[in-house]
Amino acid sequence: MTHALMAAIGMPGFPPAEDLVRLLPVLILSTGFVLLLLLDLVTPPSARTALAVLSAVFLAATLGAVILGWFDTAHHGLAYYGSYAYDRFGLFVDGIILASALVVVLISPGYLNRRGLHYGEYYALILGATVGMMLLAAASSLVVIFLGIELLSVSLYILCGFAHTEERSQESALKYLMLGGFASGFLLYGMALVYGETGHTTLTGIRASLDALHGTDSLLLIGIGLMFVGFAFKISAAPFHTWTPDVYQGAPTSVTTFMSVTTKVAAFAALIRVFSSTFEGTYLKWNGIVAFVAIVSMVIGNLAALGQTSVKRMLAYSGVAQAGYMLIGVAVQSPQATVGSLYYLAAYAAMNIGAFAVITMMAGRGEDLDSYDSIRGLAFRRPYVAAAMGLFLFSLGGFPPTAGFFGKFFVFSAAIQHGQIALALWGIATSAVSVFYYLKVGLLMYSRPREGEAGYDWARTTVAGSVALAATTAGTLVLGIFTYLIYSAATLAQMGTFPVPPNS
Amino acid sequence: MLSIELFPLLLGLSAAMFTVGAVGVLVRRNPLVVLMSIELMLNAVNLAFVDYGRYLNSEDGQIFTLVVIVVAAAEAVVGLALVSQVYRSGRELDVDDLSEMRE
Chain A
0 MTHALMAAIG MPGFPPAEDL VRLLPVLILS TGFVLLLLLD LVTPPSARTA LAVLSAVFLA
60 ATLGAVILGW FDTAHHGLAY YGSYAYDRFG LFVDGIILAS ALVVVLISPG YLNRRGLHYG
120 EYYALILGAT VGMMLLAAAS SLVVIFLGIE LLSVSLYILC GFAHTEERSQ ESALKYLMLG
180 GFASGFLLYG MALVYGETGH TTLTGIRASL DALHGTDSLL LIGIGLMFVG FAFKISAAPF
240 HTWTPDVYQG APTSVTTFMS VTTKVAAFAA LIRVFSSTFE GTYLKWNGIV AFVAIVSMVI
300 GNLAALGQTS VKRMLAYSGV AQAGYMLIGV AVQSPQATVG SLYYLAAYAA MNIGAFAVIT
360 MMAGRGEDLD SYDSIRGLAF RRPYVAAAMG LFLFSLGGFP PTAGFFGKFF VFSAAIQHGQ
420 IALALWGIAT SAVSVFYYLK VGLLMYSRPR EGEAGYDWAR TTVAGSVALA ATTAGTLVLG
480 IFTYLIYSAA TLAQMGTFPV PPNS
Chain B
0 MLSIELFPLL LGLSAAMFTV GAVGVLVRRN PLVVLMSIEL MLNAVNLAFV DYGRYLNSED
60 GQIFTLVVIV VAAAEAVVGL ALVSQVYRSG RELDVDDLSE MRE
């Protein structure tokens, strides 16, 4: 009977088994998510590190499935009636997200133990948020985009409030929830208008319908604009960034490490899929707004970061500025721009996770390592960690031969090639400003502690922490030296996008 | 049965509800009222989806509405838990007072 009903509404029976293969990475990680939630109930508090190990195993298995999927081009295509894309674009982004999550899981147990926050739900929630991000990166329907965003957001709301007795953490979670819900409202209203005006919720359907429309309706444009506002909140682009510094500062540092990178990467993937690919035909109508938001983000992010005295807030504002640089890749309509954005996402993940990982690992028993004073003299006590931090800061500032330099180089050169010289000039000018605040922190690490003042009591480096730092350092250097490797992967990702490659 | 003539009217109503919700989030200071305003925004979206679905004669709008209802419930659960946590730690329920962090 159900079959007859489905046939009556024009749907085939059950999704083919092929679709399950396409969903395999997400399925593995979802299994881990549920399993960890259950295991937490029977795990004694002393054995919680085992949960960290298990979550790392699941993340590594998923990463393995993603890497296999990259080469398994035979299955690439749309699954579940066009709502989920199994393609190189999604898999490239999945790789960045999973690698970042792995580094975060490596550095978490030590930090959480020192802060007295080592609960098992932490790992389940990290995996839950990662599943949401993977769905978001592969979503090719408005419904799945919304589901992915909410799965990652709701998990992160809880993670931000993880230090539930601390006022800062409570504040961080509540602020994130309120502004996140507000942003979801805008995104959804935009989706409702786009659905109403095109009659489709799948990106394929929307694109076909947009191509058929002659002239664009004002309600449709409002819908596109509202969707952009929703995405801009998630990637913390100015002027929708006001939540970022408070949420980043108040959340436990390991959570900040995780969310500062992965949320932005996943939301950018969806943004590129929706704007550069689906809404490509209406490009001239929205590119001005995107370019404006990019410039505002670069200016506000960099100027506000200059006056900070908290490392976490400084990196939060730097994240706003980095979102601006990456948005240039969306504001410029060319395949190179999309590839540049993808490259920047990978570079941003390596260097930003690295910088935040240092702050997480060095945090002592009491307060988070947060104020500029607490980082003073780090190089004399922890020379290797300080050297790594210096590298990440150089990379964030855009010095060669690091990841950050080539990220900026590809995005700016794409802008110049397509005549958007103003955008590139704003980018170059603001990155010159950014050097000041990155180097300020770098210099503090290498300056002697003040006379007679007890320095901050930095934590010891653990084996897991060293592995995490080595991985992020290697990532920052590989992206800066073996540029061709990642650039060709990003090019393949751009070309292999379903349903239609962005800006092709 | 929803009459098709009501389509523009309902769309206008949903826009009005959305505006009321958005203004509520921006001006109200009690976190509980802010959460209610967010719910109002999401329900305005639901109305728009159902309305468009009826107008286009497609089920997608109604399916989307069901998804939104479920997600909104999940978000409300987390939101209320956070508000009660703030309240239990003995702080006043005022969004403006949530400002431990300033540079």
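Just so you know, the protein sequences line up as chains A and B, in that order. Residue numbers are given in numbering that gives the first Met the number 0: position 350 of the first sequence equals residue 349, and the series is strictly consecutive. Residue numbers are given in numbering that gives the first Met the number 0: position 91 of the second sequence equals residue 90, and the series is strictly consecutive. Built from N, CA and C at the ideal position, the CB exists for glycine as well. Just so you know, these numbers come straight off a predicted model, no measurement behind them.
So is Phe181(A) in contact with chain B if we call contact Cβ pairs under 8 Å? In the first sequence, the residue the question calls residue 181(A) occupies position 182. So, interface residue.
Tyr175(A) - containing alpha helix (DSSP H), residue span: On the first sequence, position 176 is the one that residue 175(A) refers to. Looking at the DSSP string, the run of the alpha helix (DSSP H) that includes Tyr175(A) is 166-197.
Just by C-beta distance, which residues in the region 74-89 of chain B are closer than 8 Å to chain A? Glu74, Val77, Gly78, Leu81, Val82, Gln84, Val85, Ser88
Cross-chain neighbours of Tyr156(A) in chain B, by beta carbon under 9 Å: On the first sequence, position 157 is the one that residue 156(A) refers to. Per Cβ cutoff of 9 Å: Glu74, Val77, Gly78, Leu81.
Kindly indicate the opening and closing residues of the alpha helix (DSSP H) around Ala105(B). The structure shown does not extend to residue 105(B), since chain B is modelled only from 0 through 102, so no value can be given for it.
Three-state secondary structure (DSSP) of Tyr85(A): Start at 1 with the first residue of the first sequence, and residue 85(A) comes out as number 86. Tyr85(A): strand per DSSP, three-state reduction.
In chain A, what lies closer than 8 Å to Val67(B) by C-beta? One-based indexing of the second sequence puts residue 67(B) at position 68. The answer, in chain order, is Phe145, Leu187.
Neighbour list for Thr200(A) in chain C, Cβ cutoff strictly below 7 Å: Given the protein chain composition of this structure (A and B), no chain C is represented.
Quick check on Leu176(A) - is its C-beta less than 8 Å from some C-beta in chain B? Counted from its first residue, the first sequence places residue 176(A) at position 177. Cβ-Cβ to chain B under 8 Å: yes for Leu176(A).
Check whether chain B comes within 8 Å of Ser54(A), counting only Cβ atoms and requiring the distance to be less than that. Position 55 of the first sequence, counting from 1, holds the residue named residue 54(A). No, its Cβ sits nowhere closer than 8 Å to a Cβ of chain B.
When you compare the CB positions of Gly229(A) and Ser183(A), do they come within less than 8 Å of one another, or not? If you number the first sequence from 1, residue 229(A) lands on position 230. If you number the first sequence from 1, residue 183(A) lands on position 184. Taking 8 Å as the Cβ cut-off, Gly229(A) and Ser183(A) qualify as a contacting pair.
If the cut is a Cβ gap below 8 Å, which residues of chain A does Ala47(B) touch? Here residue 47(B) refers to the residue found at position 48 of the second sequence. In chain order: Tyr188, Ala191, Leu192, Gly195.
In this structure, how does DSSP classify Leu220(A) when only helix, strand and coil are distinguished? The residue labelled residue 220(A) in the question sits at position 221 within the first sequence. The answer is helix: DSSP assigns Leu220(A) an H, G or I state.
Rounded to whole angstroms, what is the Cα-Cα separation between Thr188(A) and Ser317(A)? Reading the first sequence from its first residue, position 189 is the one you call residue 188(A). Reading the first sequence from its first residue, position 318 is the one you call residue 317(A). Checking the sequence shown, residue 188(A) turns out to be Tyr, not Thr. Distance between the alpha carbons of Tyr188(A) and Ser317(A) is about 30 Å.
Determine, using beta-carbon pairs with one atom in the region 161-181 of chain A and one in the region 245-257 of chain A, whether at least three such pairs fall under 8 Å. yes
Once the 5 residues before and after Pro448(A) are set aside, which same chain residues still bring their CB inside 6 Å of it? In the first sequence, the residue the question calls residue 448(A) occupies position 449. The answer, listed in chain order, is Arg375, Gly376, Gly454.
For a test of the three-state rule: what should DSSP assign to Ala138(A), helix, strand or coil? The residue labelled residue 138(A) in the question sits at position 139 within the first sequence. Of the three classes helix, strand and coil, the one that applies to Ala138(A) here is strand, per DSSP.
Alpha carbon to alpha carbon, how far is Val22(B) from Phe481(A)? Here residue 22(B) refers to the residue found at position 23 of the second sequence. Here residue 481(A) refers to the residue found at position 482 of the first sequence. Straight-line Cα distance between these residues: approximately 50 Å.
With DSSP run on the structure shown, which of helix, strand or coil describes Val499(A)? Residue mapping note: residue 499(A) aligns to position 500 of the first sequence, counting from 1. Val499(A): coil per DSSP, three-state reduction.
Does the region 211-222 of chain A come within contact of the region 67-74 of chain B, defined as at least 3 CB pairs closer than 8 Å? no
Thinking Phe391(A) and Thr475(A) are a contact (beta carbons under 8 Å), I'd like their distance in whole angstroms, please. Indexing the first sequence from 1 puts residue 391(A) at position 392. Indexing the first sequence from 1 puts residue 475(A) at position 476. Contact flag correct, Cβ pair sits at about 6 Å.
From the DSSP output, which residues share a beta bridge with Ala78(A)? Within the first sequence, residue 78(A) is the residue found at index 79, counting from 1. In DSSP, Ala78(A) forms a bridge with Tyr83(A).
Under 8 Å: do the region 429-437 of chain A and the region 294-304 of chain A share three or more Cβ pairs, one atom per stretch? yes
Runs of 4 residues minimum, wholly inside the region 214-270 of chain A: which ones carry the alpha helix (DSSP H) assignment? 217-233, 242-249, 252-270
How close, in whole Å, do the beta carbons of Gly131(A) and Gly147(A) come, if the pair is a contact with beta carbons under 8 Å? Your numbering for residue 131(A) matches position 132 in the first sequence. Your numbering for residue 147(A) matches position 148 in the first sequence. Rounded, the Cβ-Cβ distance is 5 Å, consistent with contact.
Excluding five sequence neighbours on each side, which residues of the same chain lie with their C-beta closer than 8 Å to the C-beta of Val85(B)? Translated into positions along the second sequence, residue 85(B) becomes position 86. Excluding sequence neighbours, Val85(B) sits near Pro30, Leu92, Leu97.
Against chain A, with Cβ distances strictly below 8 Å, would Leu41(B) count as a contact? The count along the second sequence starts at 1 and reaches residue 41(B) at position 42. Leu41(B) counts as touching chain A.
Run down chain B in chain order and give the residues with a C-beta less than 9 Å from the C-beta of Gly160(A). Taking the first sequence and counting its residues from 1, the one referred to as residue 160(A) is at position 161. Near Gly160(A) (Cβ distances below 9 Å), the residues of chain B are Val77, Ala80, Leu81, Gln84.
Within chain A, partners of Pro30(B) - CB distance below 8 Å: Start at 1 with the first residue of the second sequence, and residue 30(B) comes out as number 31. Ordered by position in chain A, the residues that pass the 8 Å Cβ test against Pro30(B) are Leu173, Met177.
Where do the ends of the alpha helix (DSSP H) carrying Tyr118(A) lie? Reading the first sequence from its first residue, position 119 is the one you call residue 118(A). Note, Tyr118(A): premise wrong, no alpha helix (DSSP H); not H, not E.
List, in chain order, every chain A residue whose beta-carbon is nearer than 7 Å to that of Leu92(B). Reading the second sequence from its first residue, position 93 is the one you call residue 92(B). Ordered by position in chain A, no residue passes the 7 Å Cβ test against Leu92(B), which lies about 10 Å from the chain.
Tell whether a beta-carbon distance below 8 Å holds between Ser107(A) and Ala51(A). Position 108 of the first sequence, counted from the first residue, corresponds to residue 107(A). Position 52 of the first sequence, counted from the first residue, corresponds to residue 51(A). A contact, by the Cβ cut-off of 8 Å.
Considering only the beta carbon of each residue, do Val92(A) and Val357(A) sit closer than 8 Å? Residue mapping note: residue 92(A) aligns to position 93 of the first sequence, counting from 1. Residue mapping note: residue 357(A) aligns to position 358 of the first sequence, counting from 1. No, they are not a contact pair.
Closer than 8 Å by beta-carbon distance: list the chain A residues that pair up with Gly20(B), in chain order. Taking the second sequence and counting its residues from 1, one reaches residue 20(B) at position 21. Chain A residues near Gly20(B): Gly184.
Do Leu314(A) and Phe355(A) have their C-beta atoms closer together than 8 Å? As a first step, residue 314(A) must be located in the first sequence, where it is residue number 315. As a first step, residue 355(A) must be located in the first sequence, where it is residue number 356. The answer is yes: Cβ separation under 8 Å.
In terms of residues, what are the limits of the alpha helix (DSSP H) holding Arg47(A)? The count along the first sequence starts at 1 and reaches residue 47(A) at position 48. Per DSSP, Arg47(A) belongs to the alpha helix (DSSP H) from 47-70.
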